[in-house]
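Per this note's numbering, the sequence shown runs over residues 254 to 315. Scroll down for the structure; my scribbles are underneath it.
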Amino acid sequence: MAKCDVCGKDMAFGIRVSHSHRRANRTWKPNIRRVKAVVNGTPKRIYACTRCLRSGKVTRAV
Numbered sequence: 254m255a256k257c258d259v260c261g262k263d264m265a266f267g268i269r270v271s272h273s274h275r276r277a278n279r280t281w282k283p284n285i286r287r288v289k290a291v292v293n294g295t296p297k298r299i300y301a302c303t304r305c306l307r308s309g310k311v312t313r314a315v
């Protein structure tokens, strides 16, 4: 679910480090929106990250 259908951006993994330097695994999730976009000439619901929406890679269907 947390994956952009346009650019393929998905979760990133890393390590959370506390002030006392205790380490634990964590994830960063992209800002995904479910939008109605034009895909191959037909309107369709896709998952797109806000970076693709802002940059104009996604044409919104009205």
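Ideal Cβ placement from N, Cα and C applies to all residues, glycine included. The structure displayed is predicted, hence computed values, not measured ones.
Separation of A277 and I268 (C-alpha to C-alpha, rounded to the nearest whole angstrom) is 5 Å.
Counting along the chain, no beta strand (DSSP E) covers C260, and no H or E run does either. For T303, the enclosing alpha helix (DSSP H) stretches over residues 303-308.
When the beta-carbon positions are compared, V311 and C302 stay at least 7 Å from each other. Around D263, the same chain offers A255, K256, C257, P283 as residues with beta carbons nearer than 8 Å, after the five sequence neighbours per side are excluded.
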